[in-house]
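All residue numbers in the sequence shown are consecutive under our numbering, ending with 202. We put the CB at the ideal spot given by N, CA and C, even for glycine. Note that the structure is a prediction, hence the values are computed from the model and not measured. A quick write-up on the structure given underneath.
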Amino acid sequence: MSAEHVEAMNALLVDATGVRAACRRLPRPYVIAYRLSDGPGGQDVHWTVAFDDTVRFGLTQHPQPDVVIVGAWREMVLASAASRTGQAREPEVRYEGDDQALVVTAPVLEEARAVATVPVEFPDL
Numbered sequence: 078m079s080a081e082h083v084e085a086m087n088a089l090l091v092d093a094t095g096v097r098a099a100c101r102r103l104p105r106p107y108v109i110a111y112r113l114s115d116g117p118g119g120q121d122v123h124w125t126v127a128f129d130d131t132v133r134f135g136l137t138q139h140p141q142p143d144v145v146i147v148g149a150w151r152e153m154v155l156a157s158a159a160s161r162t163g164q165a166r167e168p169e170v171r172y173e174g175d176d177q178a179l180v181v182t183a184p185v186l187e188e189a190r191a192v193a194t195v196p197v198e199f200p201d202l
């Protein structure tokens with residue numbers, strides 16, 4: 078995800094009434110974080126998805142996420158690109174923290190994806 082991609086998604090989510098309604102059904106706010114190794118320049122890449130009054134995506138490390146999805150950046154990008162074409166590709170990941178947060182937030186994330194999926198150019202890997 079680039080900063081422009083995240084900004085475009087978040088702009089669509091600000092006034093998304095269905096996403097806001099889905100967030101209100103959550104028992105509390107949640108944060109899902111990604112720590113992806115070997116990103117551009119060999120650095121770790123951080124992505125976040127925060128569920129509060131709406132869904133917000135970010136590109137920074139969160140200090141206290143509910144769960145961290147840990148994996149390889151390249152594999153996550155390839156899996157994301159595959160899903161855009163209807164293919165299944167599961168990256169190898171491990172979870173740190175409360176992985177039940179993924180289950181609780183899954184319906185809200187699906188609602189957000191329906192609203193905020195924007196065109197993207199994936200890097201040539």
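For residue i, the nearest candidate out of the options (CA to CA)
i: tyrosine 111; options: Val147, Val180, Gln141, Gln120; result: Val147
i: valine 170; options: Tyr107, Ala149, Val108; result: Ala149
i: aspartate 121; options: Gly95, Leu113, Thr137; result: Leu113
i: arginine 105; options: Leu186, Thr182, Glu187, Val195; result: Thr182
i: leucine 203; options: Gly116, Ile109, Ala80; result: Outside the shown range of the chain, which is 78 to 202, sits residue 203, and nothing can be said about it.
Where residue i falls: helix, strand or coil (DSSP)
i: leucine 113; result: strand
i: glutamate 167; result: coil
i: histidine 139; result: coil
i: threonine 182; result: helix
i: glutamate 173; result: strand
i: valine 197; result: coil
i: threonine 94; result: helix
Counted within 10 angstroms of its Cβ, other Cβ atoms place residue i as buried (16 or more) or exposed
i: proline 140; result: exposed
i: valine 91; result: exposed
i: aspartate 201; result: exposed
i: glutamate 188; result: buried
i: valine 132; result: buried
i: proline 142; result: buried
i: alanine 191; result: exposed
i: valine 185; result: buried
i: alanine 98; result: exposed
Alpha-carbon to alpha-carbon, residue j and residue i
i: alanine 158; j: alanine 165; result: 10 Å
i: methionine 153; j: serine 160; result: 11 Å
i: aspartate 175; j: threonine 162; result: 30 Å
i: valine 145; j: leucine 103; result: 19 Å
i: proline 168; j: arginine 151; result: 9 Å
Cβ-heavy atom distance, residue i to the ligand FMN, below 6 Å
i: glutamine 177; result: Judged by which ligands are present, the structure shown has none, so any question about the ligand FMN falls away.
Neighbourhood of residue i by C-beta, 6 Å cutoff - its chain only, sequence neighbours within 5 removed
i: glycine 135; result: Thr125
Beta-carbon contacts of residue i that lie in its chain and below 7 Å, excluding the five residues immediately before and after
i: histidine 123; result: Ala110, Tyr111, Arg112, Leu136, Thr137, Gln138
i: valine 31; result: For the chain, the structure presents residues 78 to 202; residue 31 sits outside this window and is missing.
i: alanine 193; result: Met86, Leu89, Leu90
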